[in-house]
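*Asks:* Below is one structure. I have some questions about it.
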Amino acid sequence: MLKKKLQAILSQKGTDDTWLDCLTIRQDKTTVYVQFPHMYYADWFYIQKKDIFEEIISIYFNKKNVPQIIYEKSIQNYHHNDNQTIKIEEQSKNDVIENTITNRNLVIKQQKNISSKNHFSTFIANNKNAFPLAIAKEIAGEECTSNYIPFLLCGKSGTGKSHLLQSMAVAFHERHCHIIYTEASRSSGENPLWASNPDIFWQKYDALLLDDIQYLTENITWQKKLAACIDTCPRDGKHQIALTCLGSAHSCKSLDERLLSRLESGLVVELMEPDLEIRMRYLQSINKENLHLDHDQLLLIAQHCPQFRLLQGLVRKVIAFYSFTGSKLSHTDLENIMRTSVTETTPGCMEIIGNVSRSMHLRPEDVLGNKRSPDLVRARQLAMYICRQKLGLSYPELGKAFGGKDHSTVIHAVKKIRKLLLTDKSVKNFLAILEQND
C-alpha cells in the first residue's frame with residue numbers, strides 16, 4: 014500500500030514512477046525498510062533516485078514524524094551461494110575490501126602490517142624490468158599526475174605480472190581508494206558495474222585492475238565492454254585502469270580492433286623473464302632462514318631453473334627436505350632433488366632451437382646433431398647464444414641440452430655470436446626479429 018501511495022505522489026508531480034516497482038518496501042511504526050533486487054540497482058538508486066525517494070517519503074508523512082529509512086539489499090555471497098540481507102552503510106576505511114589476496118576477487122583487506130612499499134619490494138627486478146616497476150609504483154602512488162590510461166602489463170607466464178598488479182592493489186588500498194581487482198575471466202562470468210554501467214562505476218570507484226585479459230579474446234562482447242569502460246574513465250590523474258595480458262605485447266594483436274586501439278593509446282610495457290641475476294637474488298633473499306645452502310648450491314639451482322615457477326617449486330622441496338632431516342643438504346642431496354624435480358631445462362632450449370630452426374628453414378634434429386655444414390653450425394651457435402642469454406644455463410647444462418656437446422663448444426659458440434653482433438648486421442637483425450616474434 015505504501016508503494017502505491019508513493020507512486021501516486023510521483024504521478025502528481027509528473028515524474029516517472031516505474032522504478033519503484035523494483036523496490037521492496039515495508040514499514041513498521043518508526044522505520045521504513047527499502048530492499049533492492051541486486052547491488053547494481055542499489056548503485057543506480059543512490060545516484061539517481063535516493064533524493065527523490067526521500068522527498069516523497071517526507072511528503073507522504075506530511076513532513077512530520079518522518080520515519081527512519083533503512084536501505085537494504087540482497088546480495089549473493091560469492092563463496093557460500095546463500096542469500097543474505099545487509100544494511101548499506103558507508104564503508105569503513107579499515108575494511109575497504111572484503112576478501113583476501115589469495116582469492117583475488119575484490120582483494121586485500123586493509124591491515125596494519127601490509128605495506129605497499131614492502132609489497133613492491135618483494136618484486137625483485139634489475140634493469141630489465143626497472144621501467145615497468147617504476148611505472149606501476151607511480152600509477153598506484155598518491156601523487157600520480159600522468160595519464161597512462163590504460164596501463165597494460167604484458168609478459169610470459171612467471172614474469173610477475175600478477176605480482177605487480179597485486180602490489181598496485183595494496184598501494185591503492187593504503188590510500189583508501191575504492192577499487193575493483195579481479196581476474197578478467199571471473200568478471201566475464203558475472204555482470205560487474207564497470208561492464209554494465211561504466212559511467213556509474215567511475216562515480217563510485219577510483220581504479221579498475223583486471224588480471225589476464227587474454228581470456229577475453231574469444232568474447233568480443235566483453236572486449237567491447239572493456240573498451241567502453243576505458244572510454245568513460247576520467248583522465249584526471251585520480252582514476253586508473255591497469256591490466257595484464259599473457260604473452261608479448263605483439264600477442265595483443267589478436268584482441269578486438271576497438272579494444273586494441275584503446276590499449277595502444279595508453280601505456281603498454283612488457284616484463285622480461287627473470288634472468289640468472291634475478292633468480293640468484295631471489296634465492297639469496299630466502300636462503301638464510303629457509304634454504305641453508307652455500308653460494309655454489311644456490312648458483313646450481315638458479316642455473317638449473319630458467320623458469321621462475323619451477324624455481325619456486327624446487328625451493329619448496331629443498332625446504333621440505335631440510336625440515337624433515339634437520340641437516341643441511343649435501344651436493345649429492347641437492348642433485349638428487351633436482352633430478353626428480355626439474356625437467357624443463359631441455360624443453361626451454363628446445364623451444365628456442367625450434368624457433369631458430371624454423372627461421373633458417375632447418376630441422377631442429379639437424380641443429381642438435383653433429384653435422385658441420387655452415388648453416389647448421391651458425392644455427393647451432395645462435396641457439397646456444399640465445400639459450401645462454403634467455404635461460405641463464407651453465408655451459409655444461411647447455412652442452413647437455415644440445416645433444417651432449419662439450420662445454421667448450423658452447424663457450425666458443427657464445428663468444429662467436431657476441432663478436433658477430435658487433436660486426437655483422439645480418440646476425441643482429443636476425444636476433445631482433447626472433448625477439449619480436451617470441
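Residue numbers 14 to 451, in the working numbering, belong to the letters of the sequence shown in order.
A virtual CB, placed ideally from N, CA and C, is assigned to each residue, including glycine.
Mapping DSSP to helix, strand and coil, what is I193?
*Replies:* Correct three-state label for I193: strand.
*Asks:* Just how far apart, CA to CA, sit L324 and N300?
*Replies:* Going by the C-alpha atoms only, they are around 13 Å apart.
*Asks:* Specify whether the region 175-195 and the region 263-282 touch according to this definition: at least 3 beta carbon pairs, one from each stretch, less than 8 Å apart.
*Replies:* The region 175-195 is not in contact with the region 263-282.
*Asks:* For the region 302-320 against the region 284-294, are there 3 or more C-beta pairs whose distance is under 8 Å?
*Replies:* A contact exists between the region 302-320 and the region 284-294.
*Asks:* What's the gap between the Cα of V440 and the Cα of R376?
*Replies:* If I take the Cα positions, the gap works out to 19 Å.
*Asks:* Does DSSP classify Y320 as helix, strand or coil?
*Replies:* Before going further, note that residue 320 is Gln rather than Tyr in the sequence given. In the structure shown, Q320 sits in coil (DSSP, three-state: anything other than H, G, I, E or B).
*Asks:* Can you name, in chain order, every residue of its own chain whose Cβ lies under 7 Å from the Cβ of W207, other than the five neighbours on each side?
*Replies:* Correct list, in chain order: I193, F214, L221 and C242.
*Asks:* Which residue wins for smallest C-alpha separation from S159, given the options L404, R248, H305 and D388?
*Replies:* Closest option to S159, Cα to Cα, is R248.
*Asks:* Under 8 Å by Cβ, that's how I've got E283 and C167 pegged, so tell me the actual separation to the nearest angstrom.
*Replies:* 5 Å between Cβ atoms; contact.
*Asks:* Helix, strand or coil: which one does DSSP assign to G412?
*Replies:* Three-state DSSP puts G412 in a helix.
*Asks:* Which word fits P50, buried or exposed, when buried means at least 16 other C-beta atoms lie within 10 angstroms of its C-beta?
*Replies:* Its Cβ having fewer than 16 others within 10 Å, P50 is exposed.
*Asks:* Based on DSSP bridge pairs, tell me the residues matched to T257.
*Replies:* According to DSSP, T257 bridges with L166.
*Asks:* Indicate the three-state DSSP secondary structure (helix, strand or coil) for E283 in the structure shown.
*Replies:* Looking at E283 - three-state DSSP - the assignment turns out to be strand.
*Asks:* Determine the closest residue to F337 out of I365, Q25, P319 and N303, with distance taken between C-alpha atoms.
*Replies:* It is N303.
*Asks:* Taking 7 Å as the cut-off, is the CB of A220 close to at least one heavy atom of the ligand FAD?
*Replies:* In terms of ligand content, the structure shown is empty, and the ligand FAD therefore cannot be addressed.
*Asks:* By the three-class DSSP mapping on this structure, what secondary structure does T172 have?
*Replies:* Coil, per DSSP.
*Asks:* With distances taken from CA atoms, which of K413, M373, H425 and V369 is nearest I399?
*Replies:* Measuring from the Cα of I399, the nearest candidate turns out to be V369.
*Asks:* Sort I82, R199, N383 and H344 by Cα distance to T43 and report the nearest one.
*Replies:* Among I82, R199, N383 and H344, the Cα nearest to that of T43 is on I82.
*Asks:* Specify whether the region 137-151 and the region 185-199 touch according to this definition: at least 3 beta carbon pairs, one from each stretch, less than 8 Å apart.
*Replies:* Verdict: no, contact absent.
*Asks:* Our contact map puts H305 next to K341 with C-beta atoms below 8 Å; I'd like the distance itself, whole angstroms only.
*Replies:* Yes, they are in contact, since the Cβ atoms of H305 and K341 sit about 5 Å apart, within 8 Å.
*Asks:* Can you list, in chain order, the residues of its chain whose CB lies under 6 Å from that of G416, leaving out five sequence neighbours each side?
*Replies:* The answer, listed in chain order, is L381.
*Asks:* Determine the direct distance from the alpha carbon of N139 to that of L347, and round the result to whole angstroms.
*Replies:* Between L347 and N139, the C-alpha separation is close to 27 Å.
*Asks:* So, with DSSP's three-state summary, where would you put D224?
*Replies:* D224: strand per DSSP, three-state reduction.
*Asks:* Between the alpha carbons of Q227 and T234, how many angstroms are there, rounded?
*Replies:* Using only the alpha carbons, I get a separation of about 14 Å.
*Asks:* For F321, which option in K18, G173, P80 and Y59 has the closest C-alpha, if you only look at C-alpha atoms?
*Replies:* Comparing Cα-Cα distances from F321 to each of K18, G173, P80 and Y59, the minimum goes to G173.
*Asks:* Quick one: using the 10 Å Cβ neighbour count with 16 as the cut-off for buried, is L15 buried or exposed?
*Replies:* Exposed, since its Cβ has fewer than 16 Cβ neighbours within 10 Å.
*Asks:* Between V47 and E85, how many whole angstroms is the CB-CB distance? I'm expecting something under 8 Å.
*Replies:* Between E85 and V47 the Cβ distance is about 7 Å, and since that is below 8 Å, they are a contact.
*Asks:* Thinking just about the alpha-carbon of each residue, which of E364, D388 and M363 is nearest to the one in H374?
*Replies:* The option with the nearest alpha carbon to H374 is D388.
*Asks:* If you count every other CB in all the chains shown that lies within 10 Å of the CB of R13, and 16 or more means buried, which is it?
*Replies:* It is not possible to answer for residue 13, since the shown part of the chain is limited to 14 through 451.
*Asks:* Can you tell me which residues form a DSSP beta bridge with Q40?
*Replies:* Paired residue(s): V45.
*Asks:* Measuring CB to CB, does K18 end up less than 8 Å from Y59?
*Replies:* For K18 and Y59, no; Cβs fall outside 8 Å.
*Asks:* Quick one: grab the DSSP three-state call for G27.
*Replies:* G27 falls in the coil class under three-state DSSP.
*Asks:* If we ignore side chains and look at the alpha-carbon of each, how far apart do D219 and Q253 end up?
*Replies:* The straight-line gap from Cα to Cα measures roughly 7 Å.
*Asks:* Sort I430, M397, I424 and S372 by Cα distance to A414 and report the nearest one.
*Replies:* Comparing Cα-Cα distances from A414 to each of I430, M397, I424 and S372, the minimum goes to M397.
*Asks:* Quick check: what's the CA-CA separation for G339 versus K330?
*Replies:* The alpha-carbon atoms of G339 and K330 are separated by roughly 14 Å.
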